[in-house]
Amino acid sequence: MEKIYLDNAATTRVCEQAAERTLYVMTQAYGNPSSLHTMGFEAEREMTAARQAVADRLSVNPSEIYFTSGGTEANNIALFGAVKRNGRRGKRIVTTAVEHPSVLRVMEQLEQDGFTVEYLMPDATGHISPEQVEQAITGDTILVSMMLVNNETGVRMPVEAAAEAIRRSKSPAILHVDAVQAFCKVPIKPARVGIDLMTVSSHKIHGPKGAGALYVAGQKGFPSRSFGGGQEREVRPGTEPLPAIAGFGAAVRAMPQPQELKAHFETLRAALREQLSGLSGVVIHSPEDAMPYVFSFSVPGIRAETMLHFLSSKNIFVSSGSACSKAKPSHVLTAMGLAPELVESSLRVSFSRFTTTEEIGALTAALKQGMEQLVKKS
Amino acid sequence: MREIILIKLGELVLKGLNRKNFEASLVRNIRHRIGRLGNFDIRVAQSTITISPKGEEDLDEVAEKVGKIFGIAAFSRACVAEKNMESILSACGEYLSSDLNRVKTFKVESKRSDKSFPLKSPEISAEVGAYIMENFPHLTVDVHNPDLVVMVEVRDFGAYIHGSSIPGAGGIPVGTGGRAALLISGGIDSPVAAWCMAKRGVELVPVHFASPPYTSERAEQKVVDLLTKVSDYSGRMILRVVPFAHIQEEIMAKCPEELFTIIMRRFMMRISERIAVDNGCEALITGESLGQVASQTMRAIACTEAAVDMPVFRPLIGMDKTEIIAISRKIDTFEISIQPFEDCCTVFTPKHPRTKPNLYFVEQAEQQLDADALIDECVSQVKLIKIGYDHSLA
Numbered sequence: 119m120e121k122i123y124l125d126n127a128a129t130t131r132v133c134e135q136a137a138e139r140t141l142y143v144m145t146q147a148y149g150n151p152s153s154l155h156t157m158g159f160e161a162e163r164e165m166t167a168a169r170q171a172v173a174d175r176l177s178v179n180p181s182e183i184y185f186t187s188g189g190t191e192a193n194n195i196a197l198f199g200a201v202k203r204n205g206r207r208g209k210r211i212v213t214t215a216v217e218h219p220s221v222l223r224v225m226e227q228l229e230q231d232g233f234t235v236e237y238l239m240p241d242a243t244g245h246i247s248p249e250q251v252e253q254a255i256t257g258d259t260i261l262v263s264m265m266l267v268n269n270e271t272g273v274r275m276p277v278e279a280a281a282e283a284i285r286r287s288k289s290p291a292i293l294h295v296d297a298v299q300a301f302c303k304v305p306i307k308p309a310r311v312g313i314d315l316m317t318v319s320s321h322k323i324h325g326p327k328g329a330g331a332l333y334v335a336g337q338k339g340f341p342s343r344s345f346g347g348g349q350e351r352e353v354r355p356g357t358e359p360l361p362a363i364a365g366f367g368a369a370v371r372a373m374p375q376p377q378e379l380k381a382h383f384e385t386l387r388a389a390l391r392e393q394l395s396g397l398s399g400v401v402i403h404s405p406e407d408a409m410p411y412v413f414s415f416s417v418p419g420i421r422a423e424t425m426l427h428f429l430s431s432k433n434i435f436v437s438s439g440s441a442c443s444k445a446k447p448s449h450v451l452t453a454m455g456l457a458p459e460l461v462e463s464s465l466r467v468s469f470s471r472f473t474t475t476e477e478i479g480a481l482t483a484a485l486k487q488g489m490e491q492l493v494k495k496s
Numbered sequence: 015m016r017e018i019i020l021i022k023l024g025e026l027v028l029k030g031l032n033r034k035n036f037e038a039s040l041v042r043n044i045r046h047r048i049g050r051l052g053n054f055d056i057r058v059a060q061s062t063i064t065i066s067p068k069g070e071e072d073l074d075e076v077a078e079k080v081g082k083i084f085g086i087a088a089f090s091r092a093c094v095a096e097k098n099m100e101s102i103l104s105a106c107g108e109y110l111s112s113d114l115n116r117v118k119t120f121k122v123e124s125k126r127s128d129k130s131f132p133l134k135s136p137e138i139s140a141e142v143g144a145y146i147m148e149n150f151p152h153l154t155v156d157v158h159n160p161d162l163v164v165m166v167e168v169r170d171f172g173a174y175i176h177g178s179s180i181p182g183a184g185g186i187p188v189g190t191g192g193r194a195a196l197l198i199s200g201g202i203d204s205p206v207a208a209w210c211m212a213k214r215g216v217e218l219v220p221v222h223f224a225s226p227p228y229t230s231e232r233a234e235q236k237v238v239d240l241l242t243k244v245s246d247y248s249g250r251m252i253l254r255v256v257p258f259a260h261i262q263e264e265i266m267a268k269c270p271e272e273l274f275t276i277i278m279r280r281f282m283m284r285i286s287e288r289i290a291v292d293n294g295c296e297a298l299i300t301g302e303s304l305g306q307v308a309s310q311t312m313r314a315i316a317c318t319e320a321a322v323d324m325p326v327f328r329p330l331i332g333m334d335k336t337e338i339i340a341i342s343r344k345i346d347t348f349e350i351s352i353q354p355f356e357d358c359c360t361v362f363t364p365k366h367p368r369t370k371p372n373l374y375f376v377e378q379a380e381q382q383l384d385a386d387a388l389i390d391e392c393v394s395q396v397k398l399i400k401i402g403y404d405h406s407l408a
């Protein structure tokens with residue numbers, strides 16, 4: 119049976135172009151980009167091309183892109199670096215309660231180091247309002263970290279309002295945006311918005327795992343936490359994971375334009391919404407204006423894990439909450455104020471550009487079967 | 015709301031009977047430069063070029079590219095409204111709201127080239143002004159020194175509304191000033207010289223001298239990177255890479271050391287002239303600045319110039335290093351130029367180069383070399399690299 123993979127917010131299948139590039143770099147252009155000889159030069163050109171591809175997508179200068187091992191490392195470098203650069207100006211940090219653990223756990227660390235962190239709470243639909251952001255950002259705020267698209271609900275966060283609030287309050291705050299779930303799918307120009315730091319990742323857009331990037335506005339470098347051979351202009355030293363980086367670049371180049379993808383995702387989501395509305399009892403969590411490629415809903419009475427395993431036995435792969443926090447109740451849905459039984463039964467379906475409407479049909483058919491077959495908790 | 019770009023022509027409008035040619039060149043250049051970004055309708059009317067996206071194309075990148083095309087004095091991003099006051103007013107409020115919120119004073123200027131429009135220009139201005147005052151009560155009118163000028167142009171195809179215009183790159187369209195070969199080393203000066211001449215409409219045929227194994231592939235890549243930046247202004251071009259090590263070794267072996275640089279430069283000029291002639295060029299361009307180094311003294315320049323018949327343009331000749339660096343920062347080549355790779359000029363530098371070479375002795379020294387054979391050999395091994403044709407991986 120064909121695999122129906124609907125967990126693309128967790129990770130994606132590597133596209134052919136990226137796989138080819140990665141293989142080429144592993145077997146042919148395997149030099150160290152720091153070596154002086156021709157093979158080193160070839161490897162360096164792979165780096166340059168990948169950097170250009172990422173920069174082009176963000177409409178920024180390639181010298182503002184620093185490769186990392188992925189989103190988590192980029193978020194860590196961004197937040198610790200921002201605090202290192204701005205720490206003497208104040209102690210106040212603003213973020214949201216629905217960030218990825220690689221932001222939230224860093225915030226816990228920073229709290230232990232004496233910073234005060236304000237966590238903005240989403241409303242019942244998962245939104246954080248521009249007004250909330252406006253109020254939270256004050257003149258003594260030194261860092262604001264906000265994701266662009268939430269990984270569980272698909273809700274887009276008001277990062278523009280954050281940039282505007284920073285300007286208006288004349289605060290020295292650095293604005294960090296975790297755009298891992300948005301990169302290449304939602305048009306964003308960090309320089310235009312006024313975003314200082316932005317995290318993106320390879321494996322969410324059909325690139326290999328092991329590569330990500332941090333955009334740092336301006337060309338002045340950035341404080342580092344680790345030290346070594348000076349690669350990535352000291353921000354992320356260590357021999358570059360070139361196969362992953364070259365694959366990342368190829369994956370970026372292979373991604374269609376956001377407008378094109380949007381139409382595709384909207385068709386899929388409309389089909390899913392319509393078919394779910396025929397299944398009585400299903401509760402949809404993702405609001406209408408959420409990004410159309412992440413979709414959260416509950417089948418009350420059936421534990422998410424049970425349904426997930428049932429679907430898995432039918433070769434259909436979805437997620438309960440987010441993959442990064444397996445088995446723990448979703449902190450995002452909990453923050454939205456959802457009843458515990460809804461949180462416990464919540465499933466996340468996420469599309470890729472390879473997802474088809476037939477696959478959506480297969481999913482809802484299997485869901486229906488599951489709902490009939492599985493024993494409900496009273 | 016439909017957004018377009020309005021381009022005001024620069025010196026072009028002074029060009030009398032040639033004007034049509036100049037306009038055609040400019041339109042062609044614009045087409046080349048923004049073609050990659052989507053589908054656009056580009057037309058010329060009433061000494062203005064309009065660029066209208068055919069679909070949902072994003073104008074940010076277009077504006078960035080347009081800002082670097084020579085022959086454009088100024089341009090603005092405008093929104094298109096229907097030709098009635100109601101849609102003009104609402105377009106003003108909507109399209110310019112963030113600009114209007116940012117300033118304290120404004121004025122309205124109107125132009126009505128479509129005389130069938132019922133209101134006269136001052137009447138349009140008065141209505142728009144009143145509307146803005148009403149909807150943005152924090153604003154006051156200042157006709158002499160406003161923070162923002164709101165422009166309303168009623169033209170044949172619609173009404174255009176825009177705020178302040180953005181200065182263009184100036185100059186005249188590349189291609190209307192002839193074609194010239196550019197000697198490019200990888201330093202700070204030559205890309206700036208290239209930019210200067212492209213500004214005056216010159217199409218560039220860059221020539222780079224590489225000396226492997228004394229110089230590395232990275233030095234060559236640096237030249238490609240520099241020219242890629244320059245091509246944002248000059249348009250695409252084809253780089254000629256000339257293998258030069260053999261000639262350098264010959265000069266080293268057979269000529270007095272203190273004349274090495276001057277003789278080497280004479281060879282560079284001769285080879286460039288040959289490539290120039292083969293490619294329809296009518297001049298050479300160098301980045302020399304008087305007195306900057308030993309080979310750029312007046313006497314040394316006279317010696318190198320004597321090697322060729324073509325006119326040699328040296329746009330930086332009277333500039334200080336700081337002025338040159340300022341331009342290189344502006345065109346974003348500086349950071350690339352200062353990467354530390356050996357280039358063909360630095361490899362064999364003599365300890366004490368002659369600063370006042372005598373042409374007679376230079377020519378005497380060159381007698382030891384079979385110049386024609388050496389040049390033939392070089393020219394036959396020239397490698398071509400396309401610049402600015404595409405950004406994807408070569």
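So the sequences go chain by chain: A and B. Quick note: the first sequence uses my numbering, first residue 119, plus one each step. Quick note: the second sequence uses my numbering, first residue 15, plus one each step. Note that the Cβ used here is the ideal one computed from N, Cα and C, for glycine as well.
By the CB criterion at 9 Å, M454/A and P248/A fall outside the cutoff. Look at I313/A here: in three-state DSSP terms it is coil, with no helix or strand label. Chain-order list of chain A residues neighbouring E70/B: Q377, by C-beta distance under 8 Å.
A straight line joining the alpha-carbon of I306/A with that of V178/A spans about 11 Å.
For D55/B, the beta-bridge partners assigned by DSSP are S66/B.
V376/B is positioned such that its CB atom lies no closer than 9 Å to that of I285/B.
Judged by DSSP secondary structure, H260/B falls within the alpha helix (DSSP H) whose first and last residues are A259 to K268. Taking a cut-off of 8 Å on C-beta distances, the segment 311 to 328 of chain A touches the segment 358 to 378 of chain A, as three or more cross pairs fall below it. If you look at Y228/B, you'll find it isn't in any beta strand (DSSP E); DSSP assigns it neither H nor E. Under the DSSP assignment, V295/A falls in the beta strand (DSSP E) whose first and last residues are I292 to D296. For K335/B, there is no enclosing beta strand (DSSP E); the residue is part of the alpha helix (DSSP H) that begins and ends at K335 to K344. Proximity of L154/A to chain B, defined by a Cβ-Cβ separation below 9 Å, is satisfied.
Using a CB distance cut-off of 9 Å, S230/B counts as an interface residue toward chain A. Annotated three-state conformation of H382/A is helix, per DSSP. The DSSP-derived three-state label of S179/B is coil.
Below the 8 Å Cβ cutoff, chain A contributes S177, K307 and R310 as neighbours of D74/B, in chain order. Neighbours of F159/A in chain B, taken as residues at a C-beta separation under 8 Å, are given in chain order as S230, E231, R232 and Q235.
The continuous alpha helix (DSSP H) containing L388/B extends over residues A385 to S394.
The alpha-carbon separation between S351/B and S230/B amounts to approximately 15 Å. For T259/A, the enclosing beta strand (DSSP E) starts and ends at T259 to M265. Between K397/B and P257/B, the gap from beta carbon to beta carbon is short of 9 Å. Sequence-distant Cβ neighbours of Q170/A in its own chain, meaning closer than 7 Å and more than five residues away, are P180. By the C-beta criterion, the segment 123 to 141 of chain A is judged to be in contact with the segment 309 to 324 of chain A, since at least 3 inter-stretch pairs fall below 8 Å.
At a cut-off of 9 Å between beta-carbon atoms, E270/A makes no contact with chain B. Around the beta-carbon of R139/A, 16 or more other beta-carbon atoms lie within 10 Å, marking it buried. At a cut-off of 9 Å between beta carbons, Q337/A contacts chain B. Restricted to the segment 186 to 247 of chain B, the alpha helix (DSSP H) segments that are unbroken, complete and at least 4 residues in length are 203 to 213, listed in chain order. The alpha-carbon of G356/A is positioned some 21 Å away from that of T156/A. If you draw a straight line from the Cα of L133/B to the Cα of T154/B, it comes to about 24 Å.
If you draw a straight line from the Cα of R387/A to the Cα of V467/A, it comes to about 10 Å.
Residue environment for P151/B: exposed (fewer than 16 other C-beta atoms within 10 angstroms of its C-beta). In this structure P367/B does not touch S303/B by the C-beta definition: roughly 17 Å separates them, more than the 8 Å allowed. By DSSP's assignment, D125/A forms a beta bridge with S468/A. Distance from the CA atom of I299/B to the CA atom of G336/A, rounded to whole angstroms, is 33 Å.
Going by C-alpha positions, K121/B is about 36 Å away from L31/B. Restricted to the segment 297 to 330 of chain B, the alpha helix (DSSP H) segments that are unbroken, complete and at least 4 residues in length are 312 to 319, listed in chain order.
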